[in-house]
Amino acid sequence: MKKQKEKICTIIALIILFILVYFAQNRLDAYKIRILNLGAIYVTLGVSLNLIYGFTGQFSLGHAGFMAIGAYVTALLVLPPYYKEVSFILEPLIWPFTVIHAPFIIALFLSGLFAALVGFLIGLPVLRLKGDYLGIATLGFAEIIRVIANNLPHITNGALGIKGIPEFTNLWWTIGVAVVTIYIIKGLINSSYGRALMAIRENEIAAEVIGINLTNNKVMSFTISAFFAGVAGGLFACLLTTIDPKAFMFVMTFNILAVVVLGGLGSITGTVIAAFLYNIFLEYLRPIEAGFNLGPVHFPPIPGLRMVSFSILLLVLILYKQRGLLGGIEFTWGGFFRFCNKLFSNKKSTEGSAS
Amino acid sequence: MTINLLLQNIANGLSLGSLYALIAIGYTMVYGILRLINFAHGEIFMLAPYFLYFGILIFHLPWWASTIVAIGLTAFTGMLSERIAYKPLRDAPRISALISAIGVSFFLQNLAVVVFSGIPKSVHRPIFFTKIYQFGEIRIQSTLFASIGVSIIFLSLLLYIIYQTKTGLAMRAISRDIETSRLMGVGVNRAISITFAIGSALAAVGGILWSLRFPQIFPTMGMIPGLKAFIAAVVGGIGSIPGAMLGGLILGMSEILFVTFLPALSGYRDAFVFFILIIILLVKPDGILGIKVQEKV
Amino acid sequence: MEILNIDNITMQFGGLTAVKNFELRLQSGELVGLIGPNGAGKTTIFNMITGIYTPTINRIYFKEMDITGMKPDKIAKLGIARTFQNVRLMENLTVIDNVMIGFHLRLRSNLASAIFKFPGYIQEEENIYQKSIELLEKVDLERCKMENAGSLPYGQQRKLEIVRALATEPKLLLLDEPAAGMNPQETKELMCFIQKIIDDFDLTILLIEHDMKVVMGICERIVVLNYGLTIAEGNPKEIQHNPEVIKAYLGVEAQYA
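Residue numbers (the numbering used here), protein chains in the order written: chain A, 369 to 723; chain P, 25 to 321; chain G, 358 to 614.
Below, the structure is given as structure tokens:
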């Protein structure tokens with residue numbers, strides 16, 4: 369009975385979201401839509417990183433690498449062949465990339481698959497490592513992927529990057545992918561397999577002794593995580609329309625990590641909230657460095673001031689919210705109704721005392 | 025490949041490696057004590073040549089005086105960053121401190137853009153650092169000797185502090201067990217501050233030597249050397265000071281030799297460094313001189 | 358039926374020999390105690406049986422199958438479960454999750470049906486939940502099923518760990534100091550519980566314990582270890598009067614005195 373009720377609530381929430389996206393896509397200006405798009409892509413990235421780090425406990429700093437793979441795969445698949453001919457200046461694109469062409473949805477899916485394949489191949493050897501060592505090894509792989517992208521001009525156009533990628537990404541895609549990601553990863557977490565992953569996070573030796581294969585489960589989690597990072601990379605490419613290896617420096621991974629930690633490790637709800645806030649703040653601090661007037665005082669444009677204020681914000685937040693915004697708490701319908709009830713009864717009691 | 029060219033490159037590798045070693049020590053010392061990857065260390069490294077540059081340009085200090093001031097200021101910045109951004113998080117989950125370190129890194133890098141501007145600056149190099157010595161067919165710039173010589177001096181000084189002084193003993197005690205050290209009356213906060221000061225001072229020395237070798241300074245100049253120095257620390261066995269030195273030399277040397285022997289692949293230079301890291305981690309997960317910690321079942 | 362055959366194994370760590378020429382045969386349904394002073398090598402033997410360590414010399418057979426060098430998870434699937442001297446629970450997971458996790462190794466549904474909640478999976482999950490509740494009821498932990506395992510008192514954590522081990526549906530159960538940290542009342546209950554599960558679950562139990570009341574009270578056979586060597590074996594009465602055993606337990610201290 370209870371499950372049924374929650375299902376209905378979820379469906380209603382999804383319909384509301386659907387309507388909101390419809391209005392946002394048609395009414396908001398391009399700039400705001402872009403921020404929301406970035407926020408939704410960060411949700412996908414953050415939730416997938418949360419799976420491997422927050423739930424499985426494996427410190428991975430390789431997300432930018434998987435994103436890069438996804439971005440390049442999508443870019444190469446959706447660019448029209450005639451356009452590829454003119455845009456690869458350094459060296460001509462090699463076959464078969466010159467001729468292959470796929471619709472956006474297939475490109476995204478293949479991006480995910482390819483990133484997952486690389487994730488699987490990387491994960492198999494490195495997931496034996498633990499803690500910070502695993503983090504630094506995955507960071508190493510991400511950098512290697514980036515350097516390779518820089519050095520394969522006949523596939524990636526080298527340091528110049530790929531320009532003129534069709535702007536397929538819109539809110540339907542980004543929010544849609546984010547919803548699917550959350551659905552699948554939540555489904556995984558709330559299953560016996562998810563329990564196995566959390567058991568590994570909690571105590572590897574105990575998990576092993578009750579029959580949980582460490583390698584298989586870690587690699588599975590890592591591969592799924594890489595899949596969604598790859599899809600997000602594809603969305604990213606078709607949002608920016610231009611990609612180059614510099615876009616996937618380890619700063620990118622840090623951003624995603626910051627979103628996950630600020631939201632609260634092991635909380636998908638926290639990641640979702642943090643992903644949007646992160647991008648909104650990042651964008652809305654832009655005017656600070658563009659120069660502004662405060663009364664009669666004129667502040668000249670100062671490049672860099674935006675990121676200075678942003679990093680201060682980041683520091684203040686982590687210093688005061690050491691376990692993240694939600695501290696690992698998850699949204700549930702039960703909790704939501706309890707909260708509403710409390711709010712409602714409080715209101716009632718204050719009304720009562722007032723009269 | 026002539027033997028002369030090889031010698032020349034070995035000298036190059038040694039000099040680059042000693043710079044990595046200087047920076048790597050800051051990472052390894054902080055990690056040893058706080059189990060924190062101090063991602064802001066690369067930015068600390070970047071500040072030193074800027075301080076030097078402005079000391080000469082604005083305050084008209086002589087080169088040597090400006091260097092001393094720059095090292096001092098950098099050490100102070102490092103100490104300050106610990107007090108503000110890491111100390112309050114000592115009992116928080118370790119990942120929060122890491123995010124804080126990333127925040128400090130963003131902050132310093134962009135503060136440098138705001139204060140010093142993003143346009144690269146050319147540092148003044150005293151004449152005795154640009155001199156070129158000729159040994160037969162090998163031509164070696166004097167900065168090369170300087171970086172090796174200065175590194176040796178500072179590293180010996182560091183080893184003296186760590187292994188022969190009371191402060192050094194306190195640091196070693198804390199790296200074993202911070203709680204017990206506190207109970208035994210070790211001044212934990214003071215020792216941690218000194219650790220950051222020493223690590224940052226060594227990074228400053230590294231940064232200044234770096235700017236003599238590559239005389240362009242810019243706010244993001246610390247990122248790649250910082251990352252490579254960190255890798256050096258991990259390769260050598262993070263937490264171990266001799267390990268950081270060894271790791272620095274191995275990394276500097278292999279980077280130069282890779283480019284020398286495989287010039288066609290020189291674009292993969294940075295990837296090669298990571299490749300070495302991954303291979304070493306897979307073969308010896310605690311680094312070359314790291315101590316294996318096994319969980320007792 | 359012979360369930361476990363430890364054939365003369367030796368375990369060395371570098372130059373240190375932790376266990377030397379250890380032999381043990383367990384018959385199905387037996388309850389055997391493994392005792393000895395601290396550092397005698399008892400836990401090392403458990404670690405070898407469960408695959409955490411591989412013996413340096415010779416082999417271990419479980420139901421006549423060579424399990425030497427197998428991974429711990431594979432050994433668990435074959436039917437060996439254990440608890441730890443220093444309790445190892447999933448501390449940030451709930452009590453019920455800690456038990457349900459034990460059933461994971463027998464899960465038949467695949468990943469996709471678990472993620473997308475196919476009816477077959479839901480049925481299986483429901484089953485696991487019911488069985489977990491039943492197990493928790495046996496040790497009186499059902500009422501705190503939604504609490505975090507880490508927040509339980511120590512004695513209850515030990516019980517929960519045994520229940521988690523039972524959830525893996527083992528044939529052989531290794532208990533490492535199950536009574537440590539329990540008060541006399543709890544210890545008494547534990548003794549009853551151990552004797553009960555042997556029959557209920559058709560188990561064979563090997564038990565490490567320092568509390569002699571427990572060992573002498575419930576074990577049919579006792580093996581005494583000292584410095585990695587087996588110094589005595591027999592029923593409780595024989596062990597109590599064995600001069601070697603008395604020396605091992607009291608002699609060392611008598612020398613210092």
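Backbone N, C-alpha and C define an ideal beta-carbon position, used for all residues, glycine too.
Count the C-beta pairs between the region 296 to 316 of chain P and the region 545 to 565 of chain G that are closer than 8 Å, then say yes if the count reaches three, no if not. Contact between the region 296 to 316 of chain P and the region 545 to 565 of chain G is absent, because fewer than three Cβ pairs lie under 8 Å.
State the Cα-Cα distance for the pair leucine 31 of chain P and isoleucine 530 of chain A, rounded to the nearest angstrom. By 1-based counting over the second sequence, the position of residue 31 of chain P is 7. By 1-based counting over the first sequence, the position of residue 530 of chain A is 162. If you take the alpha carbons of leucine 31 of chain P and isoleucine 530 of chain A, they lie about 41 Å apart.
May I ask you to list the residues that DSSP assigns as paired with arginine 439 of chain G? Against the third sequence, residue 439 of chain G aligns to sequence position 82. Partner(s): G:Leu531.
Buried or exposed for alanine 611 of chain G, please, with buried defined as at least 16 other CB atoms from any protein chain shown within 10 angstroms of its CB. One-based indexing of the third sequence puts residue 611 of chain G at position 254. For alanine 611 of chain G, the predicted model reports a pLDDT of 45, less than 50, meaning its position is unreliable; a value from the coordinates is still stated below. The residue is exposed, with fewer than 16 neighbouring Cβ atoms inside 10 Å.
Mind checking who histidine 666 of chain A pairs with in its DSSP beta bridge? Locating residue 666 of chain A in the first sequence gives position 298, counting from the first residue. In the DSSP output, where bridge partners are listed per residue, histidine 666 of chain A has A:Asn661.
Report the rounded CA-to-CA distance for methionine 503 of chain G versus glutamate 483 of chain G, giving the unit in angstroms. Here residue 503 of chain G is taken as the residue at index 146 of the third sequence, counted from 1. Here residue 483 of chain G is taken as the residue at index 126 of the third sequence, counted from 1. Each residue's Cα considered, the two are about 16 Å apart.
Helix, strand or coil: how does DSSP classify glutamine 165 of chain P here? Along the second sequence, read from residue 1 onward, the residue named residue 165 of chain P stands at position 141. Reduced to three states, the DSSP call for glutamine 165 of chain P is strand.
Contact with chain G by valine 321 of chain P, beta-carbon distance below 8 Å: Residue mapping note: residue 321 of chain P aligns to position 297 of the second sequence, counting from 1. Chain G contact via Cβ: present.
With DSSP as the reference, label glutamate 459 of chain A as helix, strand or coil. Here the question's residue 459 of chain A lines up with position 91 in the first sequence. In the structure shown, glutamate 459 of chain A sits in coil (DSSP, three-state: anything other than H, G, I, E or B).
Excluding the five sequence neighbours on either side, which residues of its own chain have a C-beta within less than 8 Å of the C-beta of methionine 269 of chain P, listed in chain order? Counting from one through the second sequence, the residue named residue 269 of chain P turns up at place 245. The residues are Ala45, Ala48, Ile49, Leu179 and Gly260.
Tell me the DSSP bridge mates of isoleucine 636 of chain A? Position 268 of the first sequence holds residue 636 of chain A. DSSP lists no partner for isoleucine 636 of chain A.
Scan the region 395 to 424 of chain G for residues whose Cβ lies nearer than 9 Å to a Cβ of chain A and list them as they occur along the chain. Thr407, Gly408 and Ile409
Chain A within 8 Å of proline 112 of chain P, Cβ atoms only: In the second sequence, counting from the first residue as 1, residue 112 of chain P sits at position 88. True, the Cβ-Cβ gap to chain A drops below 8 Å.
At 4 residues or longer, and completely inside the region 33 to 111 of chain P: list those alpha helix (DSSP H) runs for me, N to C. DSSP runs (the alpha helix (DSSP H)) wholly in the region 33 to 111 of chain P: 65 to 81 and 87 to 105.
Runs of beta strand (DSSP E) wholly within the region 531 to 613 of chain A (minimum 3 residues, chain order): none
Once you ignore the five residues that flank glycine 266 of chain P on each side, which residues in its own chain have a CB closer than 7 Å to its CB? Along the second sequence, read from residue 1 onward, the residue named residue 266 of chain P stands at position 242. Note that residue 266 of chain P corresponds to proline in the displayed sequence, not to glycine. Within the same chain, proline 266 of chain P has close Cβ partners Leu313.
Assign asparagine 365 of chain G to buried or exposed, taking buried as 16 or more other Cβ atoms, counted over all protein chains shown, within 10 Å of its Cβ. Residue 365 of chain G sits at position 8 when you count from the first residue of the third sequence. Exposed.
Are the CB atoms of isoleucine 648 of chain A and isoleucine 403 of chain A within a distance shorter than 8 Å? On the first sequence, position 35 is the one that residue 403 of chain A refers to. On the first sequence, position 280 is the one that residue 648 of chain A refers to. Taking 8 Å as the Cβ cut-off, isoleucine 403 of chain A and isoleucine 648 of chain A qualify as a contacting pair.
Nearest-angstrom Cα separation, counted from valine 283 of chain P out to lysine 614 of chain A: To locate residue 614 of chain A, count along the first sequence from 1; it is residue 246. To locate residue 283 of chain P, count along the second sequence from 1; it is residue 259. Using only the alpha carbons, I get a separation of about 22 Å.
Anticipated Cβ contact below 8 Å, threonine 591 of chain A with glycine 695 of chain A, distance rounded: Stepping through the first sequence from its first residue, residue 591 of chain A is reached at position 223. Stepping through the first sequence from its first residue, residue 695 of chain A is reached at position 327. Their Cβ separation, rounded to whole angstroms, is 29 Å, which puts threonine 591 of chain A and glycine 695 of chain A out of contact at 8 Å.
With 16 as the cutoff for other CB atoms within 10 Å, does phenylalanine 604 of chain A come out buried or exposed? Taking the first sequence and counting its residues from 1, the one referred to as residue 604 of chain A is at position 236. Looking at its Cβ environment, which holds 16 or more other Cβ atoms inside 10 Å, phenylalanine 604 of chain A is buried.
Quick one: using the 10 Å Cβ neighbour count with 16 as the cut-off for buried, is phenylalanine 618 of chain A buried or exposed? As a first step, residue 618 of chain A is located in the first sequence; it is residue number 250 there, counting from the start. By the neighbour-count rule (16 or more Cβ atoms within 10 Å), phenylalanine 618 of chain A is buried.
Would you decide whether glutamate 595 of chain G is buried or exposed? Buried here means 16 or more other CB atoms lie within 10 Å of its CB. Here the question's residue 595 of chain G lines up with position 238 in the third sequence. Residue environment: glutamate 595 of chain G is assigned as exposed (fewer than 16 neighbouring CB atoms within 10 Å of its CB, all protein chains considered).
Would the region 443 to 454 of chain A and the region 468 to 488 of chain A be scored as touching if the rule is three or more Cβ pairs under 8 Å? yes
Quick one: using the 10 Å Cβ neighbour count with 16 as the cut-off for buried, is serine 129 of chain P buried or exposed? To locate residue 129 of chain P, count along the second sequence from 1; it is residue 105. So serine 129 of chain P ends up on the buried side.
Hey, how far is the Cα of leucine 485 of chain A from the Cα of valine 441 of chain A? Sequence index remark: in the first sequence, residue 485 of chain A carries index 117 (1-based). Sequence index remark: in the first sequence, residue 441 of chain A carries index 73 (1-based). Cα-Cα distance, rounded: 13 Å.
Please identify the residue among A:Val515, A:Asn394, A:Ala643 and A:Lys373 whose C-alpha is closest to the C-alpha of leucine 528 of chain A. Position 160 of the first sequence, counted from the start, is the residue given in the question as residue 528 of chain A. Here the closest residue by C-alpha is A:Val515.
Could you work out which residue in P:Thr167, P:Gln158, P:Ser120 and P:Glu67 is closest to glutamine 690 of chain A when comparing CA atoms only? As a position in the first sequence, residue 690 of chain A is number 322, starting the count at 1. Selected option, being the one with the closest Cα: P:Ser120.
Taking C-beta pairs closer than 7 Å, name the residues in chain P that isoleucine 512 of chain A reaches, listed in chain order. Here residue 512 of chain A is taken as the residue at index 144 of the first sequence, counted from 1. Ordered by position in chain P, the residues that pass the 7 Å Cβ test against isoleucine 512 of chain A are Ala295, Phe298 and Phe299.
Would you mind stating whether alanine 253 of chain P and glycine 223 of chain P have Cβ atoms separated by less than 8 Å? Indexing the second sequence from 1 puts residue 253 of chain P at position 229. Indexing the second sequence from 1 puts residue 223 of chain P at position 199. The answer is no: Cβ separation not under 8 Å.
Do threonine 542 of chain A and alanine 408 of chain A have their C-beta atoms closer together than 8 Å? Start at 1 with the first residue of the first sequence, and residue 542 of chain A comes out as number 174. Start at 1 with the first residue of the first sequence, and residue 408 of chain A comes out as number 40. Yes; because the gap between Cβ atoms is below 8 Å, this pair is in contact.
Considering Cα atoms alone, identify which of G:Gly507, G:Ile458 and G:Ile472 is closest to asparagine 449 of chain G. Taking the third sequence and counting its residues from 1, the one referred to as residue 449 of chain G is at position 92. Asparagine 449 of chain G has its Cα closest to that of G:Gly507, out of G:Gly507, G:Ile458 and G:Ile472.
Histidine 598 of chain G, buried or exposed, once every other Cβ within 10 Å from all chains shown has been counted against 16: Against the third sequence, residue 598 of chain G aligns to sequence position 241. Exposed, since its Cβ has fewer than 16 Cβ neighbours within 10 Å.
Straight-line Cα distance separating proline 287 of chain P from alanine 94 of chain P: For the purposes of this step, residue 94 of chain P is taken as the residue at position 70 of the second sequence. For the purposes of this step, residue 287 of chain P is taken as the residue at position 263 of the second sequence. Rounded to the nearest angstrom, the two C-alpha atoms are 37 Å apart.
Alpha-carbon spacing of glycine 477 of chain G relative to phenylalanine 482 of chain A, whole angstroms: Reading the third sequence from its first residue, position 120 is the one you call residue 477 of chain G. Reading the first sequence from its first residue, position 114 is the one you call residue 482 of chain A. Whole-angstrom Cα-Cα distance: 31 Å.
Check the DSSP bridge columns for methionine 422 of chain G and list the partner residues they point to. Here residue 422 of chain G refers to the residue found at position 65 when the third sequence is read from its first residue. DSSP, once it has assigned bridges, lists G:Phe419 as partnering methionine 422 of chain G.
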